[in-house]
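Here's the structure, in structure tokens; my notes come after.
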Amino acid sequence: MSNIASKLILACVVLFGPLPLNAKILNTSGTWKLNVEKSDFGKEPKPQSIMVKVVHKEPAFKYSVTGTNAEGQPINVELDGAIDGKPYKETGTQGGTTVTYKRTNDSTIEGTATSTDGTTTETFTLTVSKDGKVVTRKATVKGPQGEYTTMQIYEKQ
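This note's numbering puts the first residue of the sequence shown at 12, with every later residue one more than the last.
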């Protein structure tokens, strides 16, 4: 499984959880497209394309990711979870990564991800723009390639 595929998937997944009671919940249901050119993948090869479809019904969310990795292979991953600090496992052809995440405020989510074999871990922060049209995902990755950072930009379609 491609680590970049897992990381990209997490970026969209983490956008769709509970907010503090006094916060306005952003509508994150819909289709999100990775802007490959505006993103920085650190030591990882950049994918050719990623699209994420989200169904958000507070506090639960589901997402499916489709795309093409750097080698031209298809990416297909799904998750059915909640933002509650509990681990959830992705399914699909690149599935298996375990993720946990929690919302820290009305526009920010923090989380962790562990690869299927346990050799790669990351901590990440996702920030939703005030207009709800862009998500920025920043991550620190630790694995066989050493430690490095990544940043992905997702745009609502």
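Virtual Cβ for every residue (Gly too), placed ideally from N, Cα, C.
If you're wondering where the values come from, they're calculated on a predicted model, not measured in any experiment.
List the whole-angstrom C-beta distance separating residue i from residue j, where the pair is believed to meet the contact cut-off of C-beta under 8 Å.
i	j	result
T79	S60	5 Å
V152	E133	4 Å
N87	G103	5 Å
Nearest-angstrom Cα distance between residue i and residue j?
i	j	result
T77	P56	17 Å
D142	I94	21 Å
Q163	T131	18 Å
A71	T160	29 Å
K54	A150	12 Å
P98	T136	16 Å
K44	A81	16 Å
Q168	T125	29 Å
T111	N46	24 Å
K64	E89	10 Å
T127	Q105	10 Å
Between the Cα of residue i and the Cα atoms of the options, which residue gives the shortest distance?
i	options	result
E48	T39, K54, P58	P58
T147	K97, T102, S118	S118
T39	N46, K68, F52	K68
What is the DSSP secondary structure of residue i, counted as helix, strand or coil?
i	result
T77	strand
F135	strand
T151	strand
F72	strand
T161	strand
I10	As shown, the chain starts at 12 and ends at 168. That puts residue 10 outside it, with no answer to give.
D51	strand
T100	First, the amino acid is wrong: residue 100 is Lys here, not Thr. Of the three classes helix, strand and coil, the one that applies to K100 here is strand, per DSSP.
S60	strand
T108	coil
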